[in-house]
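K.L.:
Please find one structure pasted underneath; my questions will follow.
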Amino acid sequence: MIHRLSNGLRVVLAPRPHAALVALKLFIKVGSRHDGGRPGLAHLIEHLMLHRPSHARPVGEEVEARGGEINAVTHREYTALQAVVLPREARHALALVRDLLRPLEAGPDDLARERQVILREIDRAADTQPAVWDLFLTALWGDDPFARPIYGDPDVIQRVTASELAAHFERYTSPERVVLAIAGPVELDEVLASAEDALGDLEGASWDDRFSRPATTPQRRRLAKETAVVHLIAGVDAVALGDRRRPAVKMLDMILGQGASSRLHRVLRGQWGFVYEVATATMAFEDRGYFCAYTACAPEHVGRVLEVVLEEFGRMTRTPVDAAELESARMRYEGMLARRFETVLSVASIIGIEELLRCAETFEEAVARLRQVGADDVQDVAAELLDLDRVAVAMVGPGGVPLG
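According to the working numbering, the sequence shown is numbered sequentially starting from 1.
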């Protein structure tokens with residue numbers, strides 16, 4: 001159910017009458033891709049929003065004292081504030097979320113503290129698995145702001161001023177760019193009245209965020225690190241959220257790399273034992289997407305692992321999917337989606353993101369769309385996307401390991 005407050009802010013509801021908790025998730029359509037030439041603004045603002053005081057104590061302590069929890073996340077396309085609370089505390093939680101949206105006034109101590117936290121996060125991310133994902137997006141999309149690390153650039157984090165952050169934050173408060181998603185045992189009239197009280201006075205000018213996409217050539221990129229495990233990703237530019245081919249791409253994802261029944265798992269893990277981990281991933285954003293295979297393997301297996309991944313990409317374009325494999329993929333996807341709809345927080349996350357960037361759909365609608373995908377649709381989308389000349393490759397591991 002989708003409703004609009006008096007200022008145009010959208011509220012999307014997923015009633016769960018028998019749930020023990022209510023999840024509130026506020027999505028703001030400003031993420032790291034909106035940082036422009038100063039990577040890290042959105043992430044630093046998210047930290048400052050969440051850790052500013054609410055009345056006499058920090059908002060996190062305020063929510064915990066009432067039996068709930070609150071958190072925030074910065075994405076490439078949006079920032080999200082989320083709270084999971086007891087049903088009787090939902091109105092109070094909405095008021096606290098509204099407090100977090102008041103004009104940003106970061107004091108010197110607050111700014112210095114969050115700078116240090118983020119700089120440590122940047123250091124940690126460089127030594128962990130996320131580094132290969134940032135490297136992959138750079139290999140795929142070049143120096144596009146979309147591909148830059150969400151954590152930001154250390155120089156930007158160190159130099160940006162409180163006034164610059166406050167000015168950037170003003171763009172967050174346009175009601176047309178905000179979606180509130182609520183899942184749990186709520187009464188429609190009551191929760192809409194609470195949302196109106198909390199967020200109906202939010203103001204801000206609407207603004208356009210269409211981005212140009214300069215042509216790029218997929219590359220092979222390596223980050224040399226002395227690790228025991230090599231992280232390897234090979235993938236292609238894929239489809240956006242509104243693309244009609246998205247259900248077929250999801251089936252492609254299930255068949256190639258989701259679970260022990262998938263083709264890549266059977267070959268790389270089951271048959272050869274070349275990898276510690278293997279999976280495909282498909283991500284659809286508002287104006288673009290990617291499809292890729294991720295593996296973690298020993299350095300001596302990297303060359304052969306990449307060969308197998310590319311062989312399976314090619315085979316997918318040439319060999320029709322049989323009926324049994326397609327039905328297995330459908331069932332596995334339905335089960336995976338059902339698990340994602342299991343908690344009130346995951347439900348609020350799914351419907352909120354889709355409403356913010358495209359349009360929300362129910363579990364039943366999503367399953368019905370997948371059920372309409374045939375074997376020809378999967379092979380057609382594989383032929384369109386899995387062109388081996390368009391594959392970008394990223395690897396994080398020892399410097400002497402060949403990358404094909």
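Even glycine gets a Cβ: it sits at the ideal position worked out from N, Cα and C.
Suppose contacts are defined by Cβ-Cβ distances below 8 Å. Is Val249 in contact with Val239 by that definition?
P.N.:
Yes, Cβ-Cβ distance for Val249 and Val239 is below 8 Å.
K.L.:
In this structure, how does DSSP classify Thr295 when only helix, strand and coil are distinguished?
P.N.:
Here Thr295 sits in strand by DSSP.
K.L.:
Terminal residues of the continuous alpha helix (DSSP H) containing Ile350?
P.N.:
From DSSP, the alpha helix (DSSP H) with Ile350 extends over Val344 to Leu357.
K.L.:
Select from Asn71, Arg246, Ala72 and Arg177 the residue whose C-alpha is nearest the C-alpha of Phe291.
P.N.:
For the residues Asn71, Arg246, Ala72 and Arg177, the minimum Cα distance to Phe291 belongs to Arg246.
K.L.:
Which residues bound the alpha helix (DSSP H) around Arg340?
P.N.:
Per DSSP, Arg340 belongs to the alpha helix (DSSP H) from Ala323 to Arg340.
K.L.:
On a CA-only basis, which of Tyr276, Leu241 and Gly204 is nearest His231? Give me that one, please.
P.N.:
Per the Cα distances, Tyr276.
K.L.:
Within a Cβ cutoff of 8 Å, which residues of the same chain sit near His18, ignoring the five residues on either side of it in sequence?
P.N.:
Only Pro185 meet the Cβ criterion.
K.L.:
With which residues is Gln82 paired in a DSSP beta bridge?
P.N.:
Paired residue(s): Lys25 and Asn71.
K.L.:
Do the stretch 195-204 and the stretch 85-102 meet, that is, are 3 or more Cβ pairs less than 8 Å apart?
P.N.:
Taking 8 Å as the limit for Cβ pairs, the verdict is that the stretch 85-102 does touch the stretch 195-204.
K.L.:
Taking the alpha-carbon of Asp143 as reference, which of Asp287, Met49, Arg33 and Val367 has the nearest alpha-carbon?
P.N.:
Nearest of Asp287, Met49, Arg33 and Val367 to Asp143, Cα basis: Arg33.
K.L.:
Report all residues from its chain with a CB closer than 7 Å to the CB of Thr138; omit the five preceding and five following residues, and keep chain order.
P.N.:
Excluding positions up to five away in sequence, the list reads Ala147 and Arg221.
K.L.:
DSSP three-state label for His301, please.
P.N.:
Of the three classes helix, strand and coil, the one that applies to His301 here is helix, per DSSP.
K.L.:
For a quick check, are the C-beta atoms of Ala234 and Val393 less than 8 Å apart?
P.N.:
In contact: Ala234 and Val393 (Cβ atoms closer than 8 Å).
K.L.:
Counting C-beta neighbours from all protein chains within 10 Å, is the total for Trp272 16 or more, i.e. buried, or is it exposed?
P.N.:
Burial call: exposed.
K.L.:
Within its chain, find whatever has a CB closer than 7 Å to the CB of His168; leave out the 5 residues flanking it on each side and keep chain order.
P.N.:
Closer than 7 Å at Cβ, skipping near neighbours: Leu41 and Ile45.
K.L.:
Using a Cβ-Cβ cut-off of 7 Å (strictly less than) and excluding sequence neighbours within five positions of Glu114, which residues of its own chain qualify?
P.N.:
Excluding residues within five positions, the ones whose Cβ falls inside 7 Å are Leu44, His47, Leu48 and His51.
K.L.:
Classify Gln129 as buried or exposed, calling it buried when 16 or more other Cβ atoms lie within 10 Å of its own Cβ.
P.N.:
Counting Cβ neighbours within 10 Å, Gln129 comes out exposed, since fewer than 16 surround it.
K.L.:
When you compare only the Cα positions, how much space is there between Arg304 and Val11?
P.N.:
Cα-Cα distance, rounded: 50 Å.
K.L.:
The beta strand (DSSP E) that contains Asp237, what's its start and end?
P.N.:
Where Asp237 is concerned, the enclosing beta strand (DSSP E) stretches over Val230 to Asp237.
K.L.:
Does the stretch 252-272 touch the stretch 315-325, meaning 3 or more C-beta pairs lie closer than 8 Å?
P.N.:
These segments touch.
K.L.:
Specify, as a first and last residue, the run of the alpha helix (DSSP H) that Thr138 falls within.
P.N.:
It spans Pro130 to Trp141 - the alpha helix (DSSP H) in which Thr138 sits, taken as one unbroken run.
K.L.:
Would you call the CB atoms of Ala181 and Leu104 closer than 8 Å?
P.N.:
Cβ distance not < 8 Å, so Ala181 and Leu104 don't count as in contact.
K.L.:
Starting from Arg177, follow its DSSP beta bridges and name the residues at the other end.
P.N.:
Paired residues: none, contrary to the question.
K.L.:
Just reading off the alpha helix (DSSP H) that Pro15 is part of, what are its end residues?
P.N.:
No alpha helix (DSSP H) contains Pro15, which is instead part of the beta strand (DSSP E) from Arg10 to Pro15.
K.L.:
Would you mind reading off the limits of the beta strand (DSSP E) that contains Arg220?
P.N.:
Looking at the DSSP string, the run of the beta strand (DSSP E) that includes Arg220 is Arg220 to Ala224.
K.L.:
Between the alpha carbons of Leu86 and Arg358, how many angstroms are there, rounded?
P.N.:
So the alpha carbons of these two residues sit roughly 30 Å apart.
K.L.:
Does the stretch 196-213 come close enough to the stretch 365-381 to have 3 or more Cβ pairs within less than 8 Å?
P.N.:
With the cut-off at 8 Å, the stretch 196-213 and the stretch 365-381 do not touch.
K.L.:
Could you tell me the alpha carbon to alpha carbon distance between Val302 and Gln379, rounded to whole angstroms?
P.N.:
Cα to Cα, the separation comes out at about 27 Å.
K.L.:
Taking 6 Å as the limit between beta carbons, can you name the residues of its chain near Thr334, skipping five residues before and five after?
P.N.:
Sequence check: residue 334 is Glu here, not Thr. Val367, listed in sequence order.
K.L.:
Taking Ala348 as the reference, which of Asp155, Leu9, Arg16 and Asn7 has the closest Cα?
P.N.:
Of Asp155, Leu9, Arg16 and Asn7, the residue nearest in Cα terms is Arg16.
K.L.:
Among Ile122, Arg98, Ala126 and Val160, which has the Cα closest to the Cα of Ala106?
P.N.:
Nearest of Ile122, Arg98, Ala126 and Val160 to Ala106, Cα basis: Val160.
K.L.:
Taking Cβ to Cβ, would you say Leu310 is nearer than 8 Å to Val396?
P.N.:
No; because the gap between Cβ atoms is not below 8 Å, this pair is not in contact.
K.L.:
Bridge partners for Ala47 per DSSP, in chain order?
P.N.:
In the sequence as displayed, the identity of residue 47 is His instead of Ala. Beta-bridge pairing links His47 to no other residue.
K.L.:
Please classify His18: does DSSP put it in a helix, a strand, or coil?
P.N.:
Three-state DSSP puts His18 in coil, outside helix and strand.
K.L.:
Quickly, what does DSSP pair Arg288 with across the bridge? List them, please.
P.N.:
Paired residues: none, contrary to the question.
K.L.:
If you draw a straight line from the alpha carbon of Arg454 to that of Ala360, how long is it in whole angstroms?
P.N.:
The structure shown has nothing for residue 454, since the chain only spans 1 to 404.
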